[in-house]
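Engineer: Before I ask anything, let me first share the structure, which is written out below as structure tokens.
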Amino acid sequence: MKGKLIVFEGTDGSGKSTQFRLLCDLLQTAGNSFHRLVFPQYQEPSSALLKMYLNGEFGSRPSDVNPYAASSFYAVDRYASWKKVWQPLYESGTLILSDRYTTSNAVHQGGKLPPADQPAFFDWLFDFEYRKLGLPQPDLVIYLDMPTEQATRLLRTREAATHTRGDIHEVDDAYLALCRRTALRAADHYGWQKVSCADAAGAVRSIQDIHREIWDIVTKQLSLPTQTH
Ligand code: ADP
Numbered sequence: 094m095k096g097k098l099i100v101f102e103g104t105d106g107s108g109k110s111t112q113f114r115l116l117c118d119l120l121q122t123a124g125n126s127f128h129r130l131v132f133p134q135y136q137e138p139s140s141a142l143l144k145m146y147l148n149g150e151f152g153s154r155p156s157d158v159n160p161y162a163a164s165s166f167y168a169v170d171r172y173a174s175w176k177k178v179w180q181p182l183y184e185s186g187t188l189i190l191s192d193r194y195t196t197s198n199a200v201h202q203g204g205k206l207p208p209a210d211q212p213a214f215f216d217w218l219f220d221f222e223y224r225k226l227g228l229p230q231p232d233l234v235i236y237l238d239m240p241t242e243q244a245t246r247l248l249r250t251r252e253a254a255t256h257t258r259g260d261i262h263e264v265d266d267a268y269l270a271l272c273r274r275t276a277l278r279a280a281d282h283y284g285w286q287k288v289s290c291a292d293a294a295g296a297v298r299s300i301q302d303i304h305r306e307i308w309d310i311v312t313k314q315l316s317l318p319t320q321t322h
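So the working numbering is basically just the index in the sequence shown, starting at one, shifted up by 93.
So, in structure tokens, the structure goes:
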């Protein structure tokens, strides 16, 4: 009996990690068992190529590496974790929650191609990872849609607070804007569940407000009681 796979997706600074953590905490408190994954696996040797790419060793701009090549770097990292860690869990029915997945290749690499070529890229990605490599297809993708201006502000605040500087994706505002446009197309193409992180006036919604919406989506998907919230 195969398990279920729920994926969190969004552009950098959309609040993915924050919402992912809150959902995991609440699911745990409610007594549900699951396995948590975070991609990329920066601590694992399987991330070597994508780290070289993000560090700018193949070029200082994201566009210096074509989307098919860059996507393969991330795909092998997922394959390694599938084989080493979660294949037996998933195949015996465990619920898997993942912060990023194949979906990130659509968001971060698709925009390197003109819009007319993106649907073919999205289909290639789907075929490559889910059919050829044999990675499981998500049952639910929650896409956090944060306007680029607000996402950039949150990213820069996080960088200042942690005294870190982002990778070649995160420091490039034009690239981040391109990723959001691509993400919206990918969300329509694949049928992701979109959660708007800003209200109609463009103000960022509170973390708890977004969390409640996500909890409702997940409890419906898993047929869980909702009273824990
Ligand atoms: P991501 O994982 O998508 O890059 P994070 O979850 O790390 O994003 O969020 C980026 C920063 O913005 C963090 O410092 C986080 O605390 C903050 N943040 C996330 N969501 C919100 C929100 N809705 N309102 C205000 N700050 C937020």
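No residue lacks a Cβ here, since even glycine has one placed at the ideal position from N, Cα and C. Owing to the predicted nature of the structure, the values given are computational and were not obtained by experimental measurement.
To the nearest whole angstrom, what separates the beta carbons of PRO133 and TYR194, a pair I think is in contact under 8 Å?
Structural biologist: Rounded, the Cβ-Cβ distance is 11 Å, inconsistent with contact.
Engineer: For ALA267, which of GLY204, PHE214, LYS109, VAL169 has the nearest alpha-carbon?
Structural biologist: With distances taken between Cα atoms, ALA267 lies closest to GLY204.
Engineer: How is PHE127 classed by DSSP in three states: helix, strand or coil?
Structural biologist: It is a strand residue.
Engineer: Give me, in chain order, the residues of the same chain whose beta-carbon lies closer than 8 Å to that of PRO155; leave out the 5 immediate sequence neighbours on both sides.
Structural biologist: Closer than 8 Å at Cβ, skipping near neighbours: ALA163, HIS201, LYS205, ILE261, HIS262, ASP265, TYR268.
Engineer: Taking GLU102 as part of the beta strand (DSSP E), name the residues at either end of that continuous run.
Structural biologist: Note, GLU102: beta strand (DSSP E), 98 to 103.
Engineer: Could you tell me whether the segment 97 to 117 touches the segment 134 to 142, using the rule of 3 or more Cβ pairs below 8 Å?
Structural biologist: Because the criterion of three Cβ pairs below 8 Å is not met, the segment 97 to 117 and the segment 134 to 142 do not touch.
Engineer: Please state whether the Cβ-Cβ distance between LYS109 and LEU237 is less than 7 Å.
Structural biologist: Yes.
Engineer: Give me the Cα-Cα distance between THR312 and PRO318, rounded to the nearest whole angstrom.
Structural biologist: The straight-line gap from Cα to Cα measures roughly 7 Å.
Engineer: With respect to the alpha helix (DSSP H) encompassing VAL297, which residues constitute its N-terminal and C-terminal limits?
Structural biologist: Unbroken run through VAL297: none, as it is neither H nor E.
Engineer: What is the rounded straight-line gap between the Cα of LEU218 and the Cα of VAL288?
Structural biologist: Looking at the two C-alpha atoms, the distance is approximately 23 Å.
Engineer: Based on DSSP bridge pairs, tell me the residues matched to ILE189.
Structural biologist: For ILE189, which the question treats as bridged, DSSP gives the partners LEU98, HIS128.
Engineer: Terminal residues of the continuous beta strand (DSSP E) containing VAL288?
Structural biologist: 286 to 289 is the span of the beta strand (DSSP E), which, as asked, contains VAL288.
Engineer: Looking at SER191 and LEU115, is the spacing between their C-beta atoms short of 7 Å?
Structural biologist: In this structure, SER191 does not lie closer than 7 Å to LEU115 by Cβ.
Engineer: Looking at ILE300 and the ligand ADP, is the gap between the Cβ and the nearest heavy atom below 6 Å?
Structural biologist: True, at least one ligand heavy atom lies under 6 Å from that Cβ.
Engineer: So GLN112 and ILE307 are supposed to be a Cβ contact under 8 Å. How far apart are they, rounded?
Structural biologist: That pair is a contact at about 6 Å.
Engineer: Between the Cα of THR196 and those of CYS272, PRO181, THR250, spot the shortest distance and give me the residue it belongs to.
Structural biologist: For the residues CYS272, PRO181, THR250, the minimum Cα distance to THR196 belongs to CYS272.
Engineer: Is it buried or exposed, LEU235, if we count other Cβ atoms within 10 angstroms and call 16 or more buried?
Structural biologist: At residue 235 the sequence reads Ile, which differs from the Leu that was named. Burial call: buried.
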